[in-house]
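From first to last, the protein sequence lines are chains A and B.
FYI, in our numbering the residues of the first sequence are 2 to 207.
FYI, in our numbering the residues of the second sequence are 4 to 131.
For glycine and all other residues, C-beta sits at the position ideal for the given N, C-alpha and C.
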Amino acid sequence: MDKSIRVDDSAKNIHAELRHLADSISQIIKGIRVAQEPIADSRNKVPQATKQLEKVTQQTAMATHRVLDMVEAITSREGEIETQIKELRRVLPSTYFRNNSRVKRIVERICVNVSSNQNDAYAIMDALQFQDITSQQVDHAISLLEQVENRLKDVLVGLQLDVGPENDVKRKERAYDPNAHFSNNSNEQSEVDELLNNLTKEKQNN
Amino acid sequence: MSSLKILAVDDSPTMRRIIVNTLKRAGYEDVTEASDGKDAIAKMKVEPFNFVITDWNMPEMDGLTFVSQIRSLDEFKDMPILMVTTRSVKDDIIEAMKAGVNNYIVKPFTPETLSEKINQVLKSVGRS
Numbered sequence: 002m003d004k005s006i007r008v009d010d011s012a013k014n015i016h017a018e019l020r021h022l023a024d025s026i027s028q029i030i031k032g033i034r035v036a037q038e039p040i041a042d043s044r045n046k047v048p049q050a051t052k053q054l055e056k057v058t059q060q061t062a063m064a065t066h067r068v069l070d071m072v073e074a075i076t077s078r079e080g081e082i083e084t085q086i087k088e089l090r091r092v093l094p095s096t097y098f099r100n101n102s103r104v105k106r107i108v109e110r111i112c113v114n115v116s117s118n119q120n121d122a123y124a125i126m127d128a129l130q131f132q133d134i135t136s137q138q139v140d141h142a143i144s145l146l147e148q149v150e151n152r153l154k155d156v157l158v159g160l161q162l163d164v165g166p167e168n169d170v171k172r173k174e175r176a177y178d179p180n181a182h183f184s185n186n187s188n189e190q191s192e193v194d195e196l197l198n199n200l201t202k203e204k205q206n207n
Numbered sequence: 004m005s006s007l008k009i010l011a012v013d014d015s016p017t018m019r020r021i022i023v024n025t026l027k028r029a030g031y032e033d034v035t036e037a038s039d040g041k042d043a044i045a046k047m048k049v050e051p052f053n054f055v056i057t058d059w060n061m062p063e064m065d066g067l068t069f070v071s072q073i074r075s076l077d078e079f080k081d082m083p084i085l086m087v088t089t090r091s092v093k094d095d096i097i098e099a100m101k102a103g104v105n106n107y108i109v110k111p112f113t114p115e116t117l118s119e120k121i122n123q124v125l126k127s128v129g130r131s
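Pasting the structure below:
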């Protein structure tokens with residue numbers, strides 16, 4: 002075969018391959034462009050999700066403080082009742098409280114109820130510690146969402162696609178325990194105490 | 004009523020309110036609040052305290068840095084410190100003890116635990 006014909010065939014083959022390659026690249030670019038919109042859209046939704054979660058924390062905190070206001074008001078009123086009963090005992094003739102008198106029984110009953118109300122109010126207050134714990138859990142979730150947002154941005158930058166307006170809003174510094182959980186299990190504190198005892202013993206032995 | 008002057012450090016206003024209420028119920032009336040380690044150190048420099056209750060996870064200055072910093076200052080090196088935190092992992096507790104806390108409470112705590120721990124710390128530093 003003539004040498005020039007062989008070269009011509011090779012050039013045709015290379016040309017066809019290059020055209021095929023160009024078509025493939027064009028298809029890939031089209032694919033990337035199609036993917037750009039959902040990636041950018043997902044990225045833009047993260048701040049919305051973050052804001053919603055922050056609202057949850059703010060509103061839970063507000064509601065918790067409202068409950069605390071009421072608990073404090075209740076315990077204060079119960080304290081006043083206790084003082085008033087003491088005053089009653091002081092001003093009424095002692096005969097009213099002798100033996101098993103009706104007045105004595107009524108006053109004792111009031112004292113028991115006051116004490117129960119106060120204990121229940123304080124139990125409500127103690128349970129409100131959940132707000133600190135859930136807000137740390139929400140902060141952890143927000144932090145994970147922000148990481149996803151940054152990864153999506155990296156994907157857009159890596160593919161040399163439009164990353165949209167830069168989010169220059171200064172992000173809130175979040176201080177949270179990623180393992181925060183609400184537990185009524187008293188064993189948890191007992192385990193901590195056991196560890197503390199062991200550490201103290203080790204320190205004394207050294 | 005106790006004469007103890009307590010500084011309660013926590014970034015959560017809810018927790019500070021609960022701690023202050025719990026302390027008052029236990030007879031500790033003189034309680035000041037700080038929102039993080041930085042705020043606490045500023046308050047400690049202008050007001051004398053004889054007991055500190057601190058959280059761990061706080062912005063600006065966390066509890067561990069706060070404890071380490073006050074332990075390095077001569078005037079506060081013997082300050083009784085009780086840490087009250089959600090962190091219950093063994094390594095965290097060891098780290099806190101190494102930083103210089105006297106005792107450790109896991110949230111959520113009971114009023115009984117808080118009173119008991121304050122007494123334990125005071126006893127351990129010879130101030131009960």
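Please report the distance separating the alpha-carbon of residue i from that of residue j.
i	j	result
A:Glu83	A:Lys202	46 angstroms
A:Leu196	A:Pro179	22 angstroms
A:Ser102	A:Leu89	15 angstroms
B:Asp33	B:Ser6	7 angstroms
B:Gly30	B:Ala45	26 angstroms
A:Ile143	A:Asp133	15 angstroms
A:Glu55	B:Asp65	21 angstroms
A:Lys105	A:Phe98	5 angstroms
B:Glu50	B:Arg19	19 angstroms
A:Ser184	A:Asn207	35 angstroms
B:Thr116	B:Asn106	11 angstroms
B:Phe52	A:Gln53	40 angstroms
A:Val35	A:Asp9	39 angstroms
B:Lys120	A:Glu189	15 angstroms
A:Leu153	A:Ile125	43 angstroms
B:Ser118	B:Ile56	12 angstroms
A:Ile75	B:Leu10	26 angstroms
A:Thr244	A:Ser27	Nothing about residue 244 of chain A can be read from this structure; chain A reaches only from 2 to 207.
B:Arg28	A:Asp127	12 angstroms
A:Ala64	B:Lys41	28 angstroms
B:Glu98	B:Met86	12 angstroms
Is residue i helix, strand or coil by DSSP?
i	result
B:Val104	coil
A:Met63	helix
A:Val47	helix
B:Ala11	strand
A:Ala36	helix
B:Lys52	Per the sequence shown, the amino acid found at residue 52 of chain B is Phe instead of Lys. Three-state DSSP puts B:Phe52 in coil, outside helix and strand.
A:Asp169	Its pLDDT being 45, under 50, A:Asp169 is placed unreliably in this model, and the coordinates cannot settle the point.
B:Ala29	coil
A:Ala181	coil
B:Ala37	strand
B:Val109	strand
Check for me: the alpha helix (DSSP H) holding residue i runs from which residue to which?
i	result
A:Val139	Phe131 to Gly159
A:Ala128	Arg103 to Ala128
A:Thr96	From DSSP, A:Thr96 is part of no alpha helix (DSSP H); its letter is neither H nor E.
B:Gly66	Gly66 to Arg74
A:Asn186	Unbroken run through A:Asn186: none, as it is neither H nor E.
B:Ser118	Pro114 to Ser127
Would you say residue i and residue j are within 8 angstroms of each other, going by their C-beta atoms?
i	j	result
B:Val12	B:Asp58	yes
B:Met61	B:Asp94	no
A:Asn33	A:Leu200	Per the sequence shown, the amino acid found at residue 33 of chain A is Ile instead of Asn. No, they are not a contact pair.
A:Ala23	A:Leu157	no
B:Pro83	B:Leu26	no
B:Gly103	B:Ser127	no
A:Glu174	A:Thr51	no
A:Ala181	A:Gln138	yes
B:Met100	B:Phe79	no
Would you call residue i buried or exposed, if buried means 16 or more other Cβ atoms sit within 10 Å of its Cβ?
i	result
A:Arg7	exposed
A:Glu150	buried
A:Leu93	exposed
B:Gly129	exposed
B:Ala134	Absent from the structure is residue 134 of chain B, since the part of chain B shown begins at 4 and ends at 131.
A:Asp140	buried
A:Val193	buried
A:Ala12	exposed
A:Asn14	exposed
B:Ser91	buried
A:Gly159	exposed
A:Pro85	It is worth fixing the name first, because residue 85 of chain A is Gln in this sequence and not Pro. The residue is exposed, with fewer than 16 neighbouring Cβ atoms inside 10 Å.
From what residue to what residue does the beta strand (DSSP E) around residue i run?
i	result
B:Val87	Ile84 to Thr88
For a test of your reading of the model: does the CB of residue i fall under 7 angstroms from any non-hydrogen atom of the ligand SAM? Yes or no.
i	result
A:Phe131	In terms of ligand content, the structure shown is empty, and the ligand SAM therefore cannot be addressed.
Is residue i close to chain E? Criterion is C-beta to C-beta, closer than 8 angstroms.
i	result
B:Asn122	Of the protein chains in the structure, A and B, none is chain E.
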